[in-house]
Structure formats: C-alpha cells, structure tokens
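Chains as they are written, first to last, in full-length UniProt numbering: chain C, 1 to 380; chain V, 1 to 134.
Backbone N, C-alpha and C define an ideal beta-carbon position, used for all residues, glycine too.
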Amino acid sequence: MDELLLRSLTPQVLGILVRRGADFAAAEDAVQDALVEAVRVWPADPPRDPKAWLVTVAWRKFLDATRANTSRRRREDVFDDEPAPGTPSAVDDSLQLYFLCAHPSLTPSSAVALTLRAVGGLTTRQIAEAYLVPEATMGQRISRAKRTVAEVRLDQPGDVATVLRVLYLVFNEGYSGNVDLAAEAIRLTRQLAAAIEHPEVAGLLALMLLSYARREARTAPDGSLVPLAEQDRGRWDTVLIAEGVSVLQAALARDRLGEFQAQAAIAALHADAATAAETDWVQILEWYDELVGLTDNPVVRLNRAVAVGEADGPRAGLAALAEIDDSLPRYTAVAAYLHERDGDPVLAARLYAEAAHRAPNLAERDHLTRQAARLNTRRD
Amino acid sequence: MKYLLLKHYRGAPVPENFVTMDQWTPQEITDHVQFMRDFAAKLETTGEFVDAQGLAPEGTWVQYGGEGKPPVTDGPFAETKDLIAGWMVIDVDSYERALEVAGELSAAPGAGGRPIHEWLELRPFMSAPPTVAD
Chain C
1 MDELLLRSLT
11 PQVLGILVRR
21 GADFAAAEDA
31 VQDALVEAVR
41 VWPADPPRDP
51 KAWLVTVAWR
61 KFLDATRANT
71 SRRRREDVFD
81 DEPAPGTPSA
91 VDDSLQLYFL
101 CAHPSLTPSS
111 AVALTLRAVG
121 GLTTRQIAEA
131 YLVPEATMGQ
141 RISRAKRTVA
151 EVRLDQPGDV
161 ATVLRVLYLV
171 FNEGYSGNVD
181 LAAEAIRLTR
191 QLAAAIEHPE
201 VAGLLALMLL
211 SYARREARTA
221 PDGSLVPLAE
231 QDRGRWDTVL
241 IAEGVSVLQA
251 ALARDRLGEF
261 QAQAAIAALH
271 ADAATAAETD
281 WVQILEWYDE
291 LVGLTDNPVV
301 RLNRAVAVGE
311 ADGPRAGLAA
321 LAEIDDSLPR
331 YTAVAAYLHE
341 RDGDPVLAAR
351 LYAEAAHRAP
361 NLAERDHLTR
371 QAARLNTRRD
Chain V
1 MKYLLLKHYR
11 GAPVPENFVT
21 MDQWTPQEIT
31 DHVQFMRDFA
41 AKLETTGEFV
51 DAQGLAPEGT
61 WVQYGGEGKP
71 PVTDGPFAET
81 KDLIAGWMVI
91 DVDSYERALE
101 VAGELSAAPG
111 AGGRPIHEWL
121 ELRPFMSAPP
131 TVAD
C-alpha cells in the first residue's frame, strides 16, 4: 500500500467532511480513524476508488462519534446519512485547510503540529517522535490547536504568507526520526503549489528542492557538518536541482519577487557552480541586496556580509559586518571566517572558539571548535 | 524550542526567608507535591510538557580506570557545592514563555503555604541543525 498516496488524500477527504457540515475537530479525528482503518484493510482488500472509500469510512466514523457524544442533544438530526456531493473542488477544500492549520491565532509549534496531522495525514505519534516530545503532550497540543481554530470559518480567504512560514518551519526545524520532516514539507508545499498559483509558493518550493538537493553532501559519514565550499558537489541531487531551477524560473517570470524566490535564486546560483571557486558571488550579492530590500531581516544582512566578503574581499565583508548587531546568532562565526580570510588566524581562532561557545546546535558547535583547533594547531 | 528547568538541592542562590522542607508541616509537604504534579499535568494540556525527573542526593564520581581495570570511583561527594535535585523539560514557543513557566514553577507552595521563590536554572537545549544553512 502506498502510504504517501493515502496521506495525500487526507486534506481532500477532510475538506469534504467539513464541507458537508462536520465541525473541523470531529472531522479531523474521523479522518485519522479512517486512515488507520485503511492501513489495516487496504493491503488485503484494496479499494477501487481510494478517495471515495476514505470519504465513506470517515463520514461513517464521524456520524458514529457524533451520535455517541451527543445523543442526548439529538444532534444526529443535523446530518444526513447520504449528503449531496460537495460542489466546490477538492483543490479549494485542501487550500482552505492549509489556511486553517496555519491560522495566525495559532502559535508556530501548534500550527506546525496541526498542519502535519490534518494536511499531512501523519499520526500524533509520528509527529511527537519527530519533535521529541511525549505523545500525550503532542496530542494535547493538537487538540488545543483544533479548539483554537474551531470558530474560524473555512470559507474566509487566508494569508498565503502564514502558510509558507509554517511549511518553512517544518522544512527547516525538526529532528530526524522515522519521519523525514524536510521531505514531508516538500510534499506539502508541492501539493500547495498545485492548488494555488502564487510565485512565493513556487519560490519556497524551489528553495526547499535546492536545499534538499545538497543534503547528502552537507553531512560527513560521522555526522559532522561539511560547509558549502568543501562539499562533494558530485553528491548533489541533480534531479532535484533541475526541478528547483525550473520551478524558480517560472516563478521569477511572473515578476512578483518575494523573499523565498530571492533565497531560492541564491541557492540556485550555488547549485550552478561546478566548483566552489566558480561561484558567481557578484550575482549572489545582487540577490542579497534584493533580499535586504524585501525583508530587512538581520540574518539576511549577516549572510549578505559573507557574500560581500566573497565578492569584494574580506575587508569589505568586515566593513559590512560592522554595521550589524553583534549579538545575532552566528555573527561571531561569520566574523571568524572573514578575519581568517583577511590573514589574521590568531584573532580568527579566538572568534571561532567564542562562536562555538554560542552555537545553537551540537553539529555547528563541533564544526566551529574544529575550525578553532585547526588554526590553533597549524604549523607555519 | 526545549528548555531545561533545573532544581538544585544546593548551589542555587538561597531565597529570602528560606525554610528547609523538613521544617514544614506534613500538609505543606503534601500540598507542595500536589502542586508539582498538577503543574506537570497542566503543561501537558498546553502541549508543552516533555519530562520531569528527580535525582537522589547521593551520587558517585566515576572515572575510567585504565586498560583492563575497573572504573575508579570516588564519593559520595557530599562536599560539592552544586547538587542537582531534579529537572523539568518543556517545549515552548519562546524564551519569554519559558521564563513564565519557570516563574510559575518557582511559586510552588512551601512553609505556611507561601510560594517558596526557589531559584531555578533555565537552560536552552541545543537544537537540531537547520536544513537551510548556506
């Protein structure tokens, strides 16, 4: 049985139940129950029409649960057993679910969890394992999120930007358990891109594809980080890169530039360089200038300082760095790198060690400590 | 993001009007323990609870003893300054929220039913490295 096919039907089935008048929280539970039953039944008895099967089973489970919960209030009268087929398209239904699960009233971690369950079709246990929290806690987080959005009407248009932020979080932040969250984020963004014509959705998809393409090369067999310049470019996934570039080109052609398209453009320029030395830093810097204009995010300014250092030399990079708040995460690591390139290994070693002390994760800390050690133990 | 809330037997700053637990009434101890239990349960309903554990005060220093030899031990280390009593791990959306949770936990009732104002050590976990890095 194809688990991805099954999960890709989740938002459509859920959308149909909600469209028929089921409240979102109960419908979502019913769809999860139907998914569990599909996993149990399908291998021996595959349905001719998987989606219709899921809708039928989920609807029945919804009715059963509603009757069991509210028999005294006679709410079963509200629903017909054989409702008229929903008129709006499955695409619209799925799209509204993305908006609902990323609703601004949710905290980021709640929006992420709800999206993975209601749109992604993952179980609470899978999501809990992916974020290293107990299943009971994740269950409560999801229930709470469902209560928070209970009053939101599904027919109101949502903000694509909030959805993209949630998908970016799924892609970028999480541990790797049995579920590959980055791959899941790509799947959900692909699905979104198919449902809505929006250059930034395409931009985010391109950014994800181009970053994911380099994932294998970013880690050595022992788990340590390999910086971009030292990666074995033969291990980059050329199929993903080609797709990312083509998605990006189509988005850029619409001439509505946004943050994710600009970030993807930078990733595409890196992907385009056969060796680190052939990287077109001048053009990358131009894209960083665009990005600064679009977001004015301090992290973007920090990355821009690195690009300045490559395009115009370390002195220029350090000058750009001087204009940035030095309390930013990774500021000291960038300073260390630029000072080393500027020919000051003693200062660079000290800064690498300081940066290691402030690193937000173990892989980066070890990498930075190794950089400091390399400079401290070199023999000239 | 995950945070560790570390409780100390010893080594933390001592709060004003501190009364050791053995000087409380049995009911005050019961109330304190109940507060801790309720607190963990409440954090579970908010989807923020990860773990809570207590540690025995007695411990042993252990060191590699060399090839073919048993580990070298030392202790109990009664004289060490810093002694961890236990911890709670939370998964929250911001540093501000972590502070809020720690503040509430530090208000656990003690002697006379008053908040103990215990000093808790708040430490962020190292996260997983991000996927987008370059």
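**Item:** Simplified DSSP state of V:Met88, which is helix, strand or coil
**Value:** strand
**Alpha carbon of C:Ala193 to alpha carbon of C:Leu204, nearest angstrom** = 9 Å
**chain V contacts made by the segment 250–274 of chain C, where a contact means CB separation under 7 Å** = His270
**Request:** May I ask you to list the residues that DSSP assigns as paired with V:Glu121?
**Result:** V:Leu6
**Message:** On the criterion of 16 or more Cβ atoms from any shown chain inside 10 Å, does V:Lys2 qualify as buried, or is it exposed?
**Reply:** buried
**Length-filtered (3 minimum) beta strand (DSSP E) runs lying within the UniProt domain "DUF6596" (161–251) of chain C** = none
**Message:** Against C:Ala136, what residues of chain V qualify as contacts under a CB-to-CB distance less than 9 Å, listed in chain order?
**Reply:** Glu44, Phe49
**Asked** Among all the DSSP beta bridges, which residues are the ones paired with V:Ser127?
**Response** C:Asn361
**Prompt:** Can the beta-carbon of C:Ala335 be found closer than 8 Å to that of C:Leu321?
**Reply:** yes
**Message:** Could you check whether the segment 279–286 of chain C touches the segment 215–225 of chain C, counting it as contact only if at least three pairs of C-beta atoms, one from each stretch, sit closer than 8 Å?
**Reply:** no
**Request:** Would you please verify whether the beta carbon of V:Leu4 is less than 8 Å from any beta carbon of chain C?
**Result:** no
**Message:** For V:Pro124, tell me which candidate among V:Ala98, V:Pro115, V:Gly11 has the shortest Cα-Cα distance.
**Reply:** V:Ala98
**Asked** Do you know how far the Cα of C:Val31 is from the Cα of C:Ala22?
**Response** 11 Å
**Request:** Could you say if the segment 128–145 of chain C and the segment 109–119 of chain C meet the contact criterion of at least three C-beta pairs nearer than 8 Å?
**Result:** yes
**Request:** Name the residue from C:Leu269, C:Trp236, C:Gly234 whose alpha carbon lies nearest to the alpha carbon of C:Gln249.
**Result:** C:Leu269
**Asked** Is it true that the segment 196–203 of chain C meets the segment 247–263 of chain C, where meeting means three or more beta-carbon pairs spaced less than 8 Å apart?
**Response** yes
**Request:** Find the residues of chain V that neighbour C:Gln140, judging by a C-beta separation of less than 8 Å, and give them in chain order.
**Result:** Glu44, Thr45, Thr46, Gly47
**Request:** Could you tell me whether the Cβ of C:Asp246 comes closer than 8 Å to any Cβ of chain V?
**Result:** With the sequence shown as reference, residue 246 of chain C is identified as Ser, and Asp is not the correct amino acid for it. No, no contact with chain V.
**Message:** Would you say V:Ser126 lies against chain C (beta-carbon separation less than 8 Å)?
**Reply:** For clarity, residue 126 of chain V is Met in the given sequence; the question names Ser instead. True, the Cβ-Cβ gap to chain C drops below 8 Å.
**Prompt:** Given a threshold of 16 other Cβ atoms within 10 Å of its Cβ, counted over all protein chains shown, does C:Glu364 qualify as buried or as exposed?
**Reply:** buried
**Asked** In terms of residues, what are the limits of the beta strand (DSSP E) holding C:Thr275?
**Response** No beta strand (DSSP E) contains C:Thr275, which DSSP labels as neither H nor E.
**Asked** Is C:Ala202 close to chain V, meaning its C-beta is less than 8 Å from at least one C-beta of that chain?
**Response** no
**Item:** Contact residues within the segment 93–109 of chain V, judged by C-beta distance below 8 Å to chain C
**Value:** Asp93
**Asked** Which full runs of the alpha helix (DSSP H) of 4+ residues lie inside the segment 3–49 of chain V, going along the chain?
**Response** 26–45
**Request:** Taking C:Phe62 as the query, report the chain V residues whose CB atoms sit under 9 Å from its CB, ordered along the chain.
**Result:** Within 9 Å Cβ-Cβ: nothing; C:Phe62 doesn't reach chain V, min ~24 Å.
**Request:** Would you mind stating whether C:Glu340 and C:Leu375 have Cβ atoms separated by less than 8 Å?
**Result:** yes
**Request:** Could you round the C-beta distance between C:Leu210 and C:Ala264 to whole angstroms and report it? I think they count as a contact, below 8 Å.
**Result:** 6 Å
**Request:** Go through its chain and collect everything with a Cβ distance to C:Asp135's Cβ below 7 Å, but skip five positions before and after it.
**Result:** The sequence as given places Glu at residue 135 of chain C; Asp does not occur at that position. These residues qualify, in order along the chain: Thr124, Arg125, Ala128.
**Item:** Alpha-carbon spacing of C:Ala150 relative to C:Leu100, whole angstroms
**Value:** 9 Å
**Message:** If you measure between the beta carbons of C:Leu338 and C:Pro360, is that distance less than 8 Å?
**Reply:** no
**Message:** Between the alpha carbons of V:Ile29 and C:Thr10, how many angstroms are there, rounded?
**Reply:** 50 Å
**Prompt:** What residues of chain C sit near V:Asp38, judged by a beta carbon separation below 7 Å?
**Reply:** Result: empty, since nearest Cβ-Cβ is about 15 Å, beyond 7 Å.
**Request:** Determine the direct distance from the alpha carbon of C:Tyr331 to that of C:Asp216, and round the result to whole angstroms.
**Result:** Before going further, note that residue 216 of chain C is Glu rather than Asp in the sequence given. Roughly 26 Å separates the two Cα atoms.
**Message:** Beta carbons nearer than 9 Å to chain V: which residues of the segment 104–115 of chain C have them?
**Reply:** Thr107, Pro108, Ser109, Ser110, Ala113
**Prompt:** What separation, rounded to the nearest whole angstrom, lies between the Cα atoms of C:Asn172 and C:Arg67?
**Reply:** 41 Å
**Beta-carbon spacing of C:Arg301, C:Val308 below 8 Å** = no
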